[in-house]
Amino acid sequence: MKMKKAAALLLSAVMTLSLAACGGGSSSASTSSGSEGSGSGSGSGSSGGSLTINIWDSNQQAGLQQIVDEWSAESGISAKIEVVDWDNYWTLLEAGASGGQMPDVFWMHSNTAQMYMENDILLDLDPYIEKDETMDLSKYYQGIVDLYTRSDGKHFAIPKDHDTIALLYNKAIFDQYGVETPTDEWTWEDMYEAAKKITEASNGDVYGLAMNTSNNQDGWYNLVYDYGAELITEDHKGTTIGSDAGKAGMEMVRKLLTVGAPQSVVAETGTDSLFQSGKCAMITQGSWMINSFYKAENHADYYWALLPYADVNGNGTCDEGERQSCYNGLGWAASANTANPDACYSLISYLCSDAAQTKQAELGVTMAGIEGLSEPFANAFEGMDVSPFIEMENFKLYFRPYTRNTTVWEDALQQQGAFLDAWQNPNDPEIMSKACDNAQKIIEDAIAAE
Amino acid sequence: MGKQKMTPRAREEARWGWLFIAPTMIGLIILNFYPVFNTIYQSFCKTGDFGKGNIFVGLANYQAVLTAGETWQSLWNTIKYALIEVPFGVVIALVLAVFLNQKLKGTSLFRTIFFLPMVCAPAAVAMVWKWLYNQQFGLFNNIFHTNIAWISDPKIAWISVGIIGVWSVIGYNMVLFISGLQEIPGDYYEAASIDGATGINQFFNITVPLLSPTTFFIVQTRLIGALTVFDLMFMVMDKTNVALSKVQSIVYLFYTYAFTNGNKGYGATIVMVLVVFIMIVTFIMQRAEKTMVYHN
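Chains A and B supply the protein sequences, listed in that same order. Counting in my numbering, the first sequence runs from 58 upward without gaps. Counting in my numbering, the second sequence runs from 212 upward without gaps.
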């Protein structure tokens, strides 16, 4: 009998332990951590004495919290940053917007900004900006300011940062296979040749490069623009992906894929994990990702280079428009229904001030949303040269393609009938060409339905 | 027959009756009935952003959903998933239940072990399996020295996902079966042993028929559960997975349209298709009960 009791106790202990373990596991998984964020967000948001901040990038949490704490020390209002991963961030924010419970201050993004502005979900910042003498919207990157300006001229978010793209490579792999490391003069063809050598020399054990359809901003978008096409035209009303230039860009993407990691591998493991586990030699990455590579185990082998260019006219030098980097900027926005709009604006104004923006760059959180303050960012990562991100600003930056309902076509482009087929079978140029035609139609239809 | 007048006492009782069921009724109305009617209404609308500005469009959504290939593909994916999860989940659980219902050492330990998956959060379960299946670094490929794309090869990905489903529900089904087994009087087995029936004979001639009400209950609830599966596919498959379109369930498709793309009307219509399908399945099941289930 005693034995049985002891056994029962032990079992129940195991049960609770495993419960706790499962709980812990799931909170690191995306969905549950998301719902936790929103739950406590709505709770503390309405209490007045404190603010809730939602962001989606855990790499930036520590640095931003430090800046926010400085604001709290000045204002006496506590504020806590909660991270909800990208996919769930928008699901939860939209649910919050429909149900009326949102975080007080949060990030806005080009994908959805228009929809949120048009529906008066965001706090109109103009009355506060007028009263705020330190606020001068002209010092920020204009593309980002425009993005968060509604058609009637009202402003709903203030630029938090901007980003550029660079090429990341693992020098140890290049040395191992005797391939010359990337230079600032590289074209996409050079990248192809180098990747081919590595993939072939290692017998497919190490991939020369890896690219993922869902990483469009730091990936294939740049090739489309380098070759002279536009995924979304400047008026946000059309696309030229199906044009000859667009097809030339995607043809180069296809060639790169033939010597890179297969799509089935990338979909399971992710390009950054492949890179960090030494399974792939090159990936393109945005400046917002530096931290995760800087902190990685083998970071001494990691080097950044300027994004390759497309020598469209074949004269051997990089001419105007042949090297382009996508740039995007997040905005700090507040909920229109917040209990404490004054505190929200005060926080946003602080986060976007010269001092905080410089500090943000110094801490290596991101580059600044104010032009000319990103220089300290280059020195934020001791022992790692991230200057290619800053150098990229001497070339053409184009704003991340967006329309009113970006996710609809962005999502459709990743699926069967669009680029997925071509990604799966990169050896067939016909499929890629057809995918470009389909993509043209998908985007046009999506814009027409907006 | 005219309406009979209630006595004061009966009226009093009725009032208390209503009061007692009120909490449940209010919960049902707010959390179930209202969303049901709202979903039906939305399926006839081109819904606006954030639930504002719905425009009535009649059957346009239905026309779009019913003519889209991906709707039927996803429905078929869901059926395939159910065809793995329900039969295997039931048969394996039944065999385990029979073994664990005997007076052996350590039965409670094994019952706990088999029930553990039920206690874990589905999201956590899916994350662990995702890494077990991983083509590059996964445990399975490392142990068996294979290079199989378990969850990216459209031909086998649906089976891989189905296996996770079976693993997750076995414990729950098993506990239901054990309670069903304990309802069967021991006399039957005693009498059968005296007549010389073997264990296998007893299983098929006593256990299976007398357990059929429990089996039917499990099959019916699991079938509905399997047809509304979402979390497994959502957690295990990346958006760019080439096998996604051959594995995604119809609820996943609904999620993509309603929440990722913000097209609530189209999403509501997909759900209506699923509701009708489940109603048909349930109707057939109810018919089958009359002939296949043995009642004492």
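Ideal Cβ placement from N, Cα and C applies to all residues, glycine included.
Can you tell me which of the options puts its alpha carbon nearest to the alpha carbon of residue i?
{"i": "PHE452 (chain A)", "options": "A:MET424, A:SER392, A:THR221", "result": "A:THR221"}
{"i": "ASP502 (chain A)", "options": "A:ASP292, A:VAL465, A:GLN472", "result": "A:VAL465"}
{"i": "GLU200 (chain A)", "options": "A:SER490, A:LEU387, A:PHE456", "result": "Note on identity: in this sequence residue 200 (chain A) is Gly, with Glu being the wrong assignment. Minimum Cα distance to GLY200 (chain A) is reached at A:PHE456."}
{"i": "ILE473 (chain B)", "options": "B:ASN265, B:GLY228, B:TYR245", "result": "Checking the sequence, you will find Gly at residue 473 (chain B) rather than Ile. Nearest C-alpha to GLY473 (chain B): B:ASN265."}
{"i": "PHE414 (chain B)", "options": "B:GLU223, B:LEU230, B:ASN312, B:THR258", "result": "B:ASN312"}
{"i": "ALA119 (chain A)", "options": "A:SER330, A:GLY106, A:LYS137, A:SER107", "result": "A:LYS137"}
{"i": "ALA418 (chain A)", "options": "A:SER444, A:LEU364, A:PRO398", "result": "A:SER444"}
{"i": "LYS217 (chain A)", "options": "A:ALA469, A:LEU204, A:GLY426, A:GLU448", "result": "A:GLY426"}
{"i": "LYS291 (chain B)", "options": "B:MET483, B:ALA469, B:LYS457", "result": "B:LYS457"}
{"i": "TRP277 (chain A)", "options": "A:GLU487, A:ILE488, A:GLN471", "result": "A:GLN471"}
{"i": "TRP113 (chain A)", "options": "A:LEU121, A:CYS375, A:TRP164", "result": "A:TRP164"}
{"i": "VAL504 (chain B)", "options": "B:LEU242, B:ALA308, B:ALA408, B:PRO420", "result": "B:PRO420"}
{"i": "MET483 (chain B)", "options": "B:ALA304, B:LEU464, B:GLY407", "result": "B:LEU464"}
{"i": "ASP53 (chain A)", "options": "A:MET159, A:TYR205, A:ALA505, A:SER167", "result": "No statement about residue 53 (chain A) is possible, as the shown extent of chain A runs from 58 to 507 and does not include it."}
{"i": "GLU381 (chain A)", "options": "A:LEU454, A:GLU242, A:SER115, A:VAL422", "result": "For the sequence presented, residue 381 (chain A) should be read as Gln rather than Glu. When each option's Cα is compared against that of GLN381 (chain A), the closest is A:LEU454."}
{"i": "LEU149 (chain A)", "options": "A:ASN111, A:ILE124, A:ASP183, A:ASP177", "result": "A:ASN111"}
{"i": "ASN452 (chain B)", "options": "A:TYR284, A:SER321, A:ILE298, A:GLY285", "result": "A:SER321"}
By a C-beta neighbour count over all protein chains shown, 10 Å radius and 16 as the cutoff for buried, is residue i buried or exposed?
{"i": "MET424 (chain A)", "result": "buried"}
{"i": "MET490 (chain B)", "result": "exposed"}
{"i": "LEU270 (chain B)", "result": "exposed"}
{"i": "GLU377 (chain A)", "result": "exposed"}
{"i": "ALA496 (chain A)", "result": "buried"}
{"i": "CYS372 (chain A)", "result": "The question names Cys, yet the displayed sequence has Asn at residue 372 (chain A). Classification of ASN372 (chain A): exposed, given that the 10 Å Cβ count is below 16."}
{"i": "GLU281 (chain B)", "result": "buried"}
{"i": "THR467 (chain B)", "result": "buried"}
{"i": "MET174 (chain A)", "result": "buried"}
{"i": "PRO298 (chain B)", "result": "exposed"}
{"i": "PRO219 (chain B)", "result": "exposed"}
{"i": "GLN274 (chain B)", "result": "exposed"}
{"i": "PHE476 (chain A)", "result": "buried"}
{"i": "THR357 (chain B)", "result": "exposed"}
{"i": "GLN346 (chain B)", "result": "buried"}
{"i": "GLN459 (chain B)", "result": "buried"}
{"i": "GLU467 (chain A)", "result": "buried"}
{"i": "SER390 (chain B)", "result": "exposed"}
{"i": "LYS304 (chain A)", "result": "buried"}
{"i": "ASP494 (chain A)", "result": "exposed"}
{"i": "ILE461 (chain B)", "result": "buried"}
{"i": "TRP310 (chain A)", "result": "The identity of residue 310 (chain A) in the sequence shown is Val, whereas the question assumes Trp. Classification for VAL310 (chain A): buried."}
Tell me, please, which residues DSSP counts as bridged to residue i.
{"i": "SER366 (chain A)", "result": "Per the sequence shown, residue 366 (chain A) should be read as Tyr rather than Ser. In the DSSP output, where bridge partners are listed per residue, TYR366 (chain A) has A:THR244."}
{"i": "ILE110 (chain A)", "result": "A:ILE138, A:VAL162"}
{"i": "LYS453 (chain A)", "result": "A:GLN381"}
{"i": "SER392 (chain A)", "result": "A:LEU179"}
{"i": "CYS256 (chain B)", "result": "B:PHE267"}
{"i": "SER424 (chain A)", "result": "Note on identity: in this sequence residue 424 (chain A) is Met, with Ser being the wrong assignment. DSSP lists A:HIS219 as partners of MET424 (chain A)."}
{"i": "ASN272 (chain B)", "result": "Answer by DSSP bridge pairing: none, since ASN272 (chain B) is not bridged."}
{"i": "LEU224 (chain A)", "result": "A:THR341, A:ALA362"}
{"i": "TYR264 (chain A)", "result": "A:CYS337"}
{"i": "HIS293 (chain A)", "result": "Bridge partners of HIS293 (chain A): none, in fact."}
{"i": "THR206 (chain A)", "result": "A:HIS212"}
{"i": "TYR197 (chain A)", "result": "A:ILE427"}
May I ask whether a heavy atom of the ligand ZN can be found less than 7 Å away from the beta carbon of residue i?
{"i": "LYS475 (chain B)", "result": "Absence of the ligand ZN is noted for the structure shown, with no ligands found whatsoever."}
Legend entry - Entirely enclosed beta strand (DSSP E) segments - the stretch 300-388 of chain A, minimum 3 residues: 337-343, 359-362, 381-384
Legend entry - Residues in the stretch 447-472 of chain A having any Cβ partner in chain B nearer than 8 Å: Answer set for the stretch 447-472 of chain A: ASN462, THR464, VAL465, ASP468, GLN471, GLN472.
Legend entry - Residues of the stretch 258-274 of chain A with Cβ closer than 7 Å to any Cβ of chain B, in chain order: ASN269, THR270, SER271
Legend entry - Residues within the stretch 145-161 of chain A neighbouring chain B, beta-carbon criterion of under 7 Å: Closer than 7 Å at the C-beta level to chain B, one finds these residues of the stretch 145-161 of chain A: THR148, GLU151, ALA154, SER155.
Legend entry - Residues of the stretch 233-261 of chain B whose Cβ lies closer than 9 Å to any Cβ of chain A, in chain order: For the stretch 233-261 of chain B, which is checked against every Cβ of chain A, the residues closer than 9 Å are GLY259, ASP260, PHE261.
Inset, instruction - Name, going along the chain, the residues of the stretch 265-289 of chain B whose beta-carbon falls closer than 8 Å to a beta-carbon of chain A. - result: none
Inset, instruction - Quick one: which residues of the stretch 343-361 of chain B get their C-beta closer than 9 Å to a C-beta of chain A? List them in chain order. - result: TYR344, ASN345, GLN346, GLN347, PHE348, GLY349, ALA360, TRP361
Inset, instruction - Name, going along the chain, the residues of the stretch 321-341 of chain A whose beta-carbon falls closer than 9 Å to a beta-carbon of chain B. - result: SER321, VAL322, VAL323, ALA324, GLU325, THR326, GLY327, SER330, LEU331, SER334, LYS336
Inset, instruction - Check distances from the C-beta atoms of the stretch 447-465 of chain B to those of chain A and list, in chain order, the residues that come in under 7 Å. - result: ASP449, LYS450, THR451, ASN452, VAL453, SER456
Legend entry - Contacting positions in the stretch 176-201 of chain A - beta carbon closer than 7 Å to chain B: Cβ contacts with chain B come from ASN176, ILE178.
Legend entry - Cβ-based contacts, 8 Å cut-off: residues of the stretch 358-387 of chain B near chain A: ALA360, ILE362, SER363, ASP364
Legend entry - Contact list for the stretch 464-480 of chain B against chain A, Cβ threshold 8 Å: Listed in chain order, the positions of the stretch 464-480 of chain B with a beta carbon within less than 8 Å of a beta carbon of chain A are THR467, PHE470, THR471, ASN472, GLY473, ASN474.
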